Amino acid sequence: MALLIEHPTPGAPDETPTELLQLAGGPTTTPRGSDGSDDSDGPRPTRRERLRAILPDALWLAPLLAIGGVVNGIGLFRVPQFIDDEGTYTAQAYAVERLGELTHYTYWYDHPPLGWLQMAGWTNLTGAFDRYPSAVMAGRETMMVALLAATVLLWTLVRRIGAPRIVAAVAVLLFTVSPLAVQFHRTVYLDNIAVVWILLAFVLATARHRQLGAFVAAAVAAGIAVLTKETFLLMVPFVFWVMVRGAAPTTRRYTLTAAGAVLTLTGIGYLLFALLKGELVPGMNRVSLWDGIAFQLLDRDPSGSLTDADSLVRATTDVWVDLDPVFLVTGGLTMVVGLFLRRTRPYAAALALLVLMVVRPGGYVPVPHMIGMLPLMALLVPVVVWTALRTARRVRAPGTRAARTRSAAVLVPTAALAAAGLALAVPQWSSQLRGQLIPDFNQPFAQAQEWVEQNVPTDYRLLVDDVMWVDLVEAGFPRENVVWYYKADTDPAVIAQSPNGWQDSDYVITTDSMRTFPSEFPRVRQAIDNSTLVASFGEGDRAVEVRRVRAEGIDAASANDGAASERRALLGPQLSTNPNVVLDGVAPGDSGSADDAVSSGRLDDRLAVALAQLGAAGPITVELPAVVGEEDGVLRTALITQRDGAALTTDAEIELADWFTNQNPGFAPQSVTTTDEGLLVTYSLTTP
1 MALLIEHPTP GAPDETPTEL LQLAGGPTTT PRGSDGSDDS DGPRPTRRER
51 LRAILPDALW LAPLLAIGGV VNGIGLFRVP QFIDDEGTYT AQAYAVERLG
101 ELTHYTYWYD HPPLGWLQMA GWTNLTGAFD RYPSAVMAGR ETMMVALLAA
151 TVLLWTLVRR IGAPRIVAAV AVLLFTVSPL AVQFHRTVYL DNIAVVWILL
201 AFVLATARHR QLGAFVAAAV AAGIAVLTKE TFLLMVPFVF WVMVRGAAPT
251 TRRYTLTAAG AVLTLTGIGY LLFALLKGEL VPGMNRVSLW DGIAFQLLDR
301 DPSGSLTDAD SLVRATTDVW VDLDPVFLVT GGLTMVVGLF LRRTRPYAAA
351 LALLVLMVVR PGGYVPVPHM IGMLPLMALL VPVVVWTALR TARRVRAPGT
401 RAARTRSAAV LVPTAALAAA GLALAVPQWS SQLRGQLIPD FNQPFAQAQE
451 WVEQNVPTDY RLLVDDVMWV DLVEAGFPRE NVVWYYKADT DPAVIAQSPN
501 GWQDSDYVIT TDSMRTFPSE FPRVRQAIDN STLVASFGEG DRAVEVRRVR
551 AEGIDAASAN DGAASERRAL LGPQLSTNPN VVLDGVAPGD SGSADDAVSS
601 GRLDDRLAVA LAQLGAAGPI TVELPAVVGE EDGVLRTALI TQRDGAALTT
651 DAEIELADWF TNQNPGFAPQ SVTTTDEGLL VTYSLTTP
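Those letters in the sequence shown? Residues 1 to 688, per UniProt numbering, in order.
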C-alpha cells in the first residue's frame with residue numbers, strides 16, 4: 001500500500017524536508033525558497049502588506065530580545081572577570097577615538113583593524129568612555145549592541161530557511177541565554193562583532209528576489225566579517241554555498257560573479273592599505289602584513305591535542321564543557337543530522353569545519369573560537385529537532401504497521417533527545433546563570449586601580465595588564481609610563497624607552513594572565529621575580545596584585561626589608577609602652593589589637609617616630625585603620641581621634657595637620673586628611 005503524505009503549500013515555512021521523508025520511507029517534494037530557486041515574477045507585496053507580514057515576527061521577537069538583554073545585561077560588568085584581550089581591543093578603540101591613532105602601540109597586522117574601528121564608532125557616537133569608571137565597561141556595552149543585532153539576524157535566518165516562529169524563538173533563547181553564550185557574548189572579543197556581519201551575509205544569501213543586490217551585499221558583509229576577525233574567513237565559502245543553492249538559474253552566473261568580485265575587492269582593499277603604508281612585505285625595522293599573517297598561521301604555539309590533559313586546547317574545551325555540556329552535546333548531535341538535511345546542510349557543514357579546527361592535532365585554537373560556533377548550534381538544535389518531529393507527523397499510512405514503525409523510529413528518539421536535553425539543561429543553566437548574574441569578579445580591578453591612583457606617583461613607570469591601560473592614562477599617568485606587559489619585550493619603541501630593561505619599571509600590577517605569562521619574555525618575568533608584594537585584591541587566580549619592582553634585585557631587597565623590619569621591631573615596643581600614646585581598636589590583618597600590631601613591629605617607623613613626638617607633648621588616642629589591599633602589610637596609616645583626652649576640635653586638627661606637613665622631607669606624610677572621626681595621616685610606601 002502506498003504511503004499517504006500531506007504536502008504543504010510550496011514555499012510555505014512549514015514544508016517537510018525531503019531527506020527525512022526519504023528516511024521515513026515516503027516520497028519527496030523539493031521545497032522552494034532559500035533551499036531552491038524561485039525565479040517567479042509575481043506581483044511584489046505593497047509596503048503595508050510587508051509591514052503586516054513582519055508584525056507577528058516583531059511581536060515574538062521583542063520579548064525575546066528583552067529576555068536576552070536582561071540576562072546578559074545583569075552582571076555584564078561583573079562576570080566574567082576582565083581579561084587582557086578585552087583591555088587590548090578597548091584600548092585600540094580608545095586610541096582611534098581619543099588619540100587619533102590606529103592602536104595604542106605600533107600596529108603590526110595581528111588582526112585587521114575594522115573590529116575596533118567599529119567599537120570606536122559606537123563609543124564616539126554615544127560617549128561610552130565617559131560614562132563608566134572602567135574603559136572595558138564601554139567595550140562590553142558595545143558587545144551588548146552586537147548581541148542584540150546578531151539576535152535579530154539569527155531570528156531572520158531561521159525564518160528564512162523555512163522554520164516557524166516557535167523554532168526561531170528556541171534558537172534565539174539558546175543563542176542569548178545559554179551560560180556558554182552569556183560568557184562569550186559579554187566578553188570584549190572582535191568575534192562578537194564579526195558574528196553580526198556573517199549572519200547578515202547568510203541572511204542576504206537566502207534572498208529570493210533582487211538577488212544581484214542581495215548577493216553583492218552579502219559579499220560585502222562577509223568581507224567586513226573577515227576584516228573584523230580574520231578567522232571568519234572559514235565561513236565565507238558556506239555563504240557562497242547558500243547563494244549557489246538559492247540563485248535563480250537564469251541569473252546565477254551573473255549574480256555569483258558579481259558577489260565574488262566584490263568580496264575579492266574587499267580583501268584587496270586591506271592589501272592596498274598595507275601597501276600604501278609601505279608595510280606589505282617585511283623590511284628593516286618595520287612591521288608588515290606578511291609578518292602578521294605568518295604569525296597567525298605559522299608562528300603561534302600550537303594548542304596541543306584534546307587527548308593531552310595538560311594542553312591548551314583541552315583547557316579551553318574544558319571551560320566550554322563546564323559552562324554548558326547540554327548545549328554542546330545537542331549541538332554536536334544535530335550537526336551530524338543536519339549534514340543529511342538539505343535545509344540545514346550549509347550551516348551544519350560550517351559548524352563541522354569549525355569543530356575540525358578544534359580537534360585537529362597541532363593547530364592553534366583561540367579561546368573565542370566558540371563564538372563563531374554559537375549561532376550555528378543555536379540554529380541547528382531547534383531546526384533539526386523540528387524537522388524530525390514534522391517528518392514523523394506527516395508520514396502516515398492508515399492500517400500500515402511498517403509505516404507507523406518508520407514514523408516512530410523518527411519520533412521516539414527525537415522526542416527522547418529533546419526531553420532529556422531539557423531535563424538536564426534546566427538545573428544546569430540555573431546553577432551557571434546564578435554564577436553569572438550575582439558575583440562581582442571585577443572588584444579587584446577597581447580596587448587596584450583606586451589604590452594605584454592614590455599611592456603611586458604619576459611619574460613612576462608601571463607594567464600593567466591592558467585592562468588598566470586606558471584607565472591609568474585617563475587618571476593622569478603619561479602613556480609612556482603605562483606599559484602593557486606584552487609590549488615590554490616585543491615592541492622596539494617600548495624597549496628603547498627602557499635602556500635598563502626591567503629595572504626601569506617601578507611597579508608591576510599582575511593578573512593571572514601575567515603570572516602565567518611565557519618565560520621567554522625576560523623583561524616581564526624578571527620584573528615580577530624581582531618585585532615584592534605591597535597590595536593584593538581578590539583571591540586565587542582572580543587576584544590583582546600590586547608589586548614594587550626592586551631595581552637592586554630581590555636578594556638585596558630582602559636584606560633591606562629585613563633591616564627595616566628590625567627597626568620597626570625596636571620602635572614598636574617602645575611606642576606601645578608609652579603611656580601618652582593610646583592605641584585604640586583592632587589592627588588590620590591577623591595581629592589582633594592595634595597595641596599588639598605595634599608591639600610586633602608592623603608600624604611604619606616614620607609614623608612611630610611621629611606618634612612618639614606627639615605623645616611627648618601630651619596624651620593622644622590613635623587608631624590604625626586598614627588600607628584596602630594592605631591588610632597584612634606594614635601599617636602606614638593612623639587616625640588621631642583624641643588629644644589631651646578630648647575629641648579633636650577644628651583648631652586642633654588644623655594645628656596637627658600643619659605639624660605633620662612641616663616635618664622634614666623624610667618624615668613628612670604622603671597625605672593628611674580631616675575626617676568626621678579625626679585626622680587621617682598616611683605615609684608613602686617608601687621613604688623618599
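Cβ atoms here follow ideal geometry from the backbone N, Cα and C, with glycine treated the same way. Here the structure is a predicted model, which means the values were calculated and not measured.
query                                                                                                                                                                                              : result
Can you give the Cα-Cα distance for residue 241 and residue 277, rounded to whole angstroms?                                                                                                       : 35 angstroms
State the CB to CB distance for the pair residue 491 and residue 521, rounded to an integer number of angstroms; the pair is presumed to be in contact (CB under 8 angstroms).                     : Incorrect: roughly 12 angstroms between the Cβ atoms, too far for contact.
Please check the pair residue 153 and residue 200, which I expect to be a contact at CB under 8 angstroms, by giving their CB distance rounded to whole angstroms.                                 : 6 angstroms
Consult DSSP for residue 78 and reduce its assignment to one of helix, strand or coil.                                                                                                             : coil
Could you check if residue 129 is buried or exposed, using at least 16 other CB atoms within 10 Å of its CB as the buried criterion?                                                               : buried
Rounded to whole angstroms, what is the Cα-Cα separation between residue 340 and residue 104?                                                                                                      : 48 angstroms
Residue 602 and residue 667: beta carbons closer than 8 angstroms?                                                                                                                                 : no
Jot down the residue ranges of each uninterrupted alpha helix (DSSP H) in the UniProt domain "Glycosyltransferase RgtA/B/C/D-like" (110–264), minimum 4 residues, whole runs only, in chain order. : 114–126, 135–160, 165–177, 179–186, 190–205, 211–228 and 236–246
Would you mind stating whether residue 185 and residue 72 have Cβ atoms separated by less than 8 angstroms?                                                                                        : yes
Under the rule that 16 or more other beta-carbon atoms within 10 Å means buried, what is residue 445, buried or exposed?                                                                           : buried
Name the two residues that bound the continuous beta strand (DSSP E) containing residue 484.                                                                                                       : 482–484
Three Cβ pairs or more, each shorter than 8 angstroms: is that satisfied between the stretch 363–372 and the stretch 185–194?                                                                      : yes
Express the C-alpha separation of residue 87 and residue 136 in angstroms, rounding to a whole number.                                                                                             : 6 angstroms
Which residues mark the beginning and the end of the beta strand (DSSP E) in which residue 498 is found?                                                                                           : Per DSSP, residue 498 belongs to no beta strand (DSSP E) and is neither H nor E.
Could you tell me if residue 331 is buried or exposed, where buried requires 16 or more neighbouring beta carbons within 10 angstroms of its beta carbon?                                          : buried
CB-CB under 7 angstroms to residue 645, same chain, minus the five flanking residues each way: which ones, in chain order?                                                                         : 619
If you pair each beta-carbon of the stretch 615–631 with each one of the stretch 564–583, do three or more pairs fall below 8 angstroms?                                                           : yes
Let me know if residue 34 comes out buried or exposed under the rule of 16 or more other beta-carbons within 10 Å of its beta-carbon.                                                              : At residue 34, the pLDDT of 41 sits below 50, so the modelled position is not reliable; the number obtained from the coordinates is stated separately. Answer is buried; the Cβ neighbour count reaches 16.
Output the boundary residues of the beta strand (DSSP E) element that contains residue 532.                                                                                                        : 531–537
Would you please state the rounded distance, in angstroms, between the beta carbons of residue 255 and residue 215? I believe it to be under 8 angstroms.                                          : 5 angstroms
I need the boundaries of the beta strand (DSSP E) containing residue 638, first residue and last residue.                                                                                          : 637–643
Exposed or buried, which one is residue 561 when buried takes at least 16 other CB atoms within 10 Å?                                                                                              : exposed
In three-state terms, what does DSSP make of residue 299?                                                                                                                                          : helix
Grouping DSSP H, G and I as helix and E and B as strand, with all else coil, what is residue 67?                                                                                                   : helix
For the stretch 87–98 against the stretch 203–210, do three or more pairs of beta-carbon atoms, one drawn from each stretch, fall closer than 8 angstroms, so that the two count as touching?      : no
Assuming contact is defined by CB atoms lying nearer than 8 angstroms, are residue 171 and residue 416 in contact in what I supplied?                                                              : no
Buried or exposed: where does residue 506 fall if 16 or more other Cβ atoms within 10 Å of its Cβ makes it buried?                                                                                 : buried
At what residue ranges does the stretch 413–472 contain a whole run of the alpha helix (DSSP H), taking only runs of 4 or more?                                                                    : 443–455
With residue 327 and residue 110 assumed to form a contact (beta carbons below 8 angstroms), what rounded beta-carbon distance in angstroms separates them?                                        : Their Cβ separation, rounded to whole angstroms, is 31 angstroms, which puts residue 327 and residue 110 out of contact at 8 angstroms.
Grouping DSSP H, G and I as helix and E and B as strand, with all else coil, what is residue 679?                                                                                                  : strand
Can you tell me whether DSSP reads residue 317 as helix, strand or coil?                                                                                                                           : helix
Tell me which residues share the same chain as residue 270 and place their Cβ nearer than 7 angstroms to its Cβ, disregarding the 5 neighbours each side in the sequence.                          : 112 and 227
Going by the beta-carbon positions, is the gap between residue 597 and residue 575 smaller than 8 angstroms?                                                                                       : no
Which residues does DSSP list as the beta-bridge partners of residue 380?                                                                                                                          : Per DSSP, none; premise fails for residue 380.
For residue 181, collect the residues of the same chain with a Cβ closer than 7 angstroms to its Cβ; drop the 5 residues on either side in sequence, then sort them by chain order.                : 175 and 374
Measure the C-alpha to C-alpha separation of residue 626 and residue 650 and round it to an integer number of angstroms.                                                                           : 24 angstroms
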